[in-house]
Amino acid sequence: MILEQYYIECLSHASYLIGDESTGRAVVVDPRRDITEYLDDARTHGLTIDGVINTHFHADFVSGHLELVEATGAWIGFGEAAETDYPIRRLAHGEHISLGRVDLEILSTPGHTWESISVLVRETPDATPTAVLTGDSLFIGDVGRPDLVNLGDGSTTDLARAMYHTVHEKLLTLPDGVTVMPAHGAGSSCGKNLSAELTSTIGEQRRTNPSAQPMSEDAFVTLITDGQPAVPEYFSVDAVLNKSTHPALDQHRQIPELSADRVRAELAAGTRVLDARTVDDFAAGHLRGSVNVGFDGRFAETGGMVAEVGEAIVLITYPGEE
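Every position in the sequence shown, counted from 1, becomes a number in this note's numbering once 2 is added.
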């Protein structure tokens with residue numbers, strides 16, 4: 003069995019390639035838009051990507067399911083509650099996806115969102131589970147926040163209650179040795195207490211995760227709703243994009259270099275300027291009015307907070323990093 007994790011620091015985001023070497027079939031779970039690594043690794047292992055599974059509608063980034071479909075013709079899978087304007091395969095609780103010997107079982111795990119699912123991975127259908135890909139349901143040290151789907155009708159509390167049953171009645175009933183592989187790590191705004199560790203086990207989370215401790219449902223709801231960080235404004239835009247058809251990312255598109263005269267004109271017009279160099283180089287000299295959002299930090303998330311959705315920006319960076 004192939005089970006690869008791909009982690010991108012600036013989004014604290016983990017995605018996964020699961021493949022069966024006996025059949026050459028594979029799926030990608032929670033992909034980012036730059037799909038090159040998935041395609042390269044699938045080719046290296048002699049795998050064909052048959053499907054793309056999104057554990058939920060991500061709000062902190064635009065998922066790469068449409069890019070993978072364009073490149074491979076794969077199907078797109080979501081939990082049964084998902085509503086999209088493109089064709090999807092609805093994945094029911096208890097459904098099994100066979101890659102050959104490797105077996106994937108879908109668990110309905112609402113709480114972060116209503117359509118959230120987790121993927122239980124077995125090397126063979128009768129084997130003890132090897133891992134559970136928990137999306138934004140169970141993190142290392144935390145659970146997914148329930149307040150991103152804000153419908154103004156008590157939905158946050160309802161989701162928090164759903165998360166209680168997801169964590170305590172589904173995920174924590176798995177064997178202690180099952181590896182927990184979530185969609186995010188420390189720094190993500192999708193929770194408030196995420197660990198820097200990228201994997202754990204069910205047993206370790208049962209012992210150390212504050213949300214996994216024995217408690218009443220009401221106490222759990224208070225625990226996971228109090229003290230959450232502010233929701234970045236662009237989250238709602240990303241969630242809508244992930245439900246809708248939109249142009250796939252052009253993997254070969256080159257960003258044009260701007261002349262000095264063009265930069266001056268953009269500055270005069272009030273265009274926002276993001277300087278992606280290091281803090282030291284920015285401090286040594288920068289354009290008046292520019293904002294330092296370095297590529298060596300959390301550029302994707304911070305840039306999304308600084309820039310308005312849809313606005314043009316001028317990006318200053320080192321040659322070759324554009």
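Where is the CB? At the ideal position from N, CA and C, for every residue including glycine.
Straight-line Cα distance separating residue j from residue i
i, j, result
"Gly-143", "Val-308", "29 Å"
"Ile-137", "Arg-264", "Before going on, a small fix: residue 137 reads as Gly here, not Ile. So the two alpha carbons sit approximately 43 Å from each other."
"Pro-249", "Leu-70", "12 Å"
"Glu-11", "Pro-212", "24 Å"
"Pro-321", "Ala-270", "24 Å"
"Gly-66", "Thr-247", "12 Å"
"Thr-126", "Asp-52", "18 Å"
"Asn-195", "Gly-146", "10 Å"
"Gly-299", "Thr-50", "34 Å"
"His-288", "Asp-36", "30 Å"
"Leu-153", "His-47", "The predicted position of Leu-153 is uncertain, since its pLDDT is 48 and thus under 50; a value taken from the coordinates is nonetheless stated next. In a straight line, the C-alpha of Leu-153 is about 44 Å away from that of His-47."
"Thr-158", "Phe-80", "21 Å"
"Glu-303", "Glu-6", "24 Å"
"Asp-22", "Ile-204", "24 Å"
"Asp-277", "Val-293", "6 Å"
"Ala-94", "Glu-107", "9 Å"
"Tyr-2", "Glu-259", "In this structure the chain extends from 3 to 324, so residue 2 is not present and cannot be described."
"Val-311", "Thr-175", "42 Å"
Residue span of the alpha helix (DSSP H) that contains residue i, given as start and end
i, result
"Met-165", "157-171"
"Gly-48", "That residue, Gly-48, is in no alpha helix (DSSP H); it is neither H nor E in DSSP."
"Arg-264", "262-270"
"Thr-304", "301-308"
Sheet register partners of residue i (DSSP bridge)
i, result
"Phe-80", "Arg-92"
"Glu-6", "Leu-19"
"Leu-122", "Glu-107 and Val-134"
"Val-311", "BP columns for Val-311 are empty, so no partner."
"Asn-294", "Asp-277"
Whole-Å CB distance - residue i paired with residue j, under 8 Å assumed
i, j, result
"Asn-244", "His-15", "Incorrect: roughly 13 Å between the Cβ atoms, too far for contact."
"Thr-25", "Leu-135", "The Cβ separation is near 20 Å, so there is no contact."
"Asp-32", "Tyr-18", "7 Å"
"Tyr-166", "Phe-222", "4 Å"
"Leu-161", "Gly-113", "6 Å"
"Thr-181", "Thr-132", "7 Å"
Continuous beta strand (DSSP E) stretch holding residue i: start and end
i, result
"Glu-107", "105-110"
"Val-275", "274-277"
"Ser-197", "Note, Ser-197: premise wrong, no beta strand (DSSP E); not H, not E."
"Ala-214", "Note, Ala-214: premise wrong, no beta strand (DSSP E); not H, not E."
"Leu-243", "Segment 236-245 is the alpha helix (DSSP H) holding Leu-243; no beta strand (DSSP E) there."
"Ala-28", "27-31"
"Val-281", "First-last for Val-281: 281-286, but that is the alpha helix (DSSP H), not the beta strand (DSSP E)."
Under the three-state DSSP convention, the category residue i falls into
i, result
"Gly-154", "With a pLDDT of only 48 at Gly-154, under the threshold of 50, the placement of this residue in the model should not be trusted; the figure read from the coordinates follows. Gly-154: coil per DSSP, three-state reduction."
"Asp-149", "coil"
"Leu-101", "coil"
"Ile-226", "helix"
"Gly-137", "strand"
"His-67", "helix"
"Ile-204", "helix"
"Val-316", "strand"
"Thr-175", "helix"
"Thr-181", "strand"
The ligand MN heavy atom lying under 6 Å from the CB of residue i
i, result
"Glu-117", "Absence of the ligand MN from the depicted structure is noted, as is the absence of any ligand whatsoever, leaving it without description."
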